[in-house]
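For the record, the sequence lines run as chains A and B. To convert, count from 1 in the first sequence and add 1199; that's the numbering used here. To convert, count from 1 in the second sequence and add 1199; that's the numbering used here. These notes are about the structure you will find just below.
2 protein chains.
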Amino acid sequence: MYQENKKHLEARAKVLKAMAHPSRLFIIEELEREERCVCDLTELIGADISTVSKHLSVLKQAGIVIDDKRGNQVFYQLRVPCILNFFGCVESVLEAQAQDHTAFMKIGTVSN
Amino acid sequence: MYQENKKHLEARAKVLKAMAHPSRLFIIEELEREERCVCDLTELIGADISTVSKHLSVLKQAGIVIDDKRGNQVFYQLRVPCILNFFGCVESVLEAQAQDHTAFMKIGTVSN
DNA sequence: AATCTATTTGGCTATATTGCCAAGTACTGA
DNA sequence: TCAGTACTTGGCAATATAGCCAAATAGATT
Chain A
1200 MYQENKKHLE
1210 ARAKVLKAMA
1220 HPSRLFIIEE
1230 LEREERCVCD
1240 LTELIGADIS
1250 TVSKHLSVLK
1260 QAGIVIDDKR
1270 GNQVFYQLRV
1280 PCILNFFGCV
1290 ESVLEAQAQD
1300 HTAFMKIGTV
1310 SN
Chain B
1200 MYQENKKHLE
1210 ARAKVLKAMA
1220 HPSRLFIIEE
1230 LEREERCVCD
1240 LTELIGADIS
1250 TVSKHLSVLK
1260 QAGIVIDDKR
1270 GNQVFYQLRV
1280 PCILNFFGCV
1290 ESVLEAQAQD
1300 HTAFMKIGTV
1310 SN
């Protein structure tokens, strides 16, 4: 049941893991808009350029972005167009959490 | 640009990170079908029950599942219905990778 | 109460991730 | 060729994750 799908589950997990970092999510959102060079992303994120470069490398390894060297600069773009739609469900989870949190606070208010 | 969204990006990343493990993806798929107790999932996955319990705890912390204790057992179910649709895009990434791999092998064949 | 089953938690080790700095590579332009 | 810019890679320390075993908790059964 699990062992049979394991390879596929691992492949999926690898993609999700690559996305599971705030800076990398930011990069994905930014690239959804338009391609960007490393220096642009570095400026936007405000970390060391080596850090951003490594994040991009993670995304590239996972097949989420592709790079294109043009002169001095390396431009990254999304490899699949759907990534952003993808977040609808993540948002649902967050909204459900927010509702619970609100409910929790109300209970807290009532019980005091 | 990044700092303003940081909290939200972190929240999203947390959800993705919770999903980014083969056993946890398996659990999510299984719960999409029907609710399951820890012992069922443990049997299906074939790891120590403490390991599975901790995976479930990660999913619960992330707001992806909820638990319901009935008698001796704890039943877990998905908290939001959309999780599985969610994987369409992950699949696209994997397919794109597969295509590249095929292309690479063809190039290899031609060049030899 | 004693025991059994189901689950969680603590503790441990091995391994992976993150982010910085420093050093290396690659292209550009004087 | 030399210097400057853009980027990547190596190396390191801090931190997080994974999975097992052992121990603790909680409900069920006798």
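Cβ coordinates follow ideal geometry from the N, Cα and C atoms, glycine included. For clarity, every value in this text was computed on a predicted model and none was experimentally measured.
*Is there contact here, the region 1210 to 1227 of chain B with the region 1207 to 1224 of chain A, by at least three beta-carbon pairs under 8 Å?*
Taking 8 Å as the limit for Cβ pairs, the verdict is that the region 1207 to 1224 of chain A does touch the region 1210 to 1227 of chain B.
*Report, in whole angstroms, the separation of the C-beta atoms of Met1218 (chain B) and Ile1263 (chain B), which I expect to be a contact under 8 Å.*
At roughly 7 Å, the Cβ-Cβ gap stays under 8 Å, so Met1218 (chain B) and Ile1263 (chain B) are in contact.
*asked:* Could you compute how far the alpha carbon of Glu1228 (chain B) sits from the alpha carbon of Asn1271 (chain A)?
replied: 45 Å
*List, in order along the chain, the chain A residues whose C-beta lies closer than 8 Å to that of Gln1202 (chain B)?*
Gly1245
*Helix, strand or coil: how does DSSP classify Arg1232 (chain B) here?*
helix
*Does any residue of chain A bring its CB to less than 7 Å from the CB of Lys1216 (chain B)?*
yes
*Taking all protein chains shown into account, decide if Thr1250 (chain A) is buried (16 or more other Cβ within 10 angstroms of its Cβ) or exposed.*
exposed
*Among B:Asp1239, B:Leu1243 and B:Pro1280, which has the Cα closest to the Cα of Asn1204 (chain A)?*
Closest in C-alpha terms to Asn1204 (chain A), from the list B:Asp1239, B:Leu1243 and B:Pro1280, comes B:Leu1243.
*CA-to-CA distance, Leu1215 (chain B) to Gly1307 (chain B), given in whole angstroms*: With a pLDDT of 45 at Gly1307 (chain B), under the threshold of 50, the modelled position of this residue cannot be trusted, and the question is left open.
*Nearest to Ala1261 (chain A) by alpha carbon, out of A:Leu1277, A:Ala1246, A:Val1273 and A:Cys1236?*
A:Leu1277
*State the DSSP-derived secondary structure class of Val1251 (chain B), mapped to helix, strand or coil.*
helix
*Pairwise C-alpha distance: Lys1206 (chain A) and Leu1240 (chain B)*: Cα to Cα, the separation comes out at about 18 Å.
*Over the uninterrupted beta strand (DSSP E) stretch that includes Val1273 (chain A), give me the two end residues.*
Gln1272 to Leu1277
*Going straight from the alpha carbon of Val1273 (chain B) to that of Leu1258 (chain B), what length do you get?*
14 Å
*Rounded to a whole number of angstroms, what is the C-alpha to C-alpha distance between Glu1234 (chain A) and Tyr1275 (chain A)?*
Each residue's alpha carbon lies about 6 Å from the other.
_Residue range of the beta strand (DSSP E) that includes Ile1244 (chain B)_ = Segment Val1237 to Ile1244 is the alpha helix (DSSP H) holding Ile1244 (chain B); no beta strand (DSSP E) there.
*Beta-carbon of Gly1307 (chain B) versus every beta-carbon of chain A: anything under 7 Å?*
In this prediction, Gly1307 (chain B) scores a pLDDT of 45, lower than 50, which makes its location untrustworthy; no coordinate-derived value is stated.
*Enclosing alpha helix (DSSP H) for His1207 (chain A) [first to last residue]*: Lys1205 to Met1218
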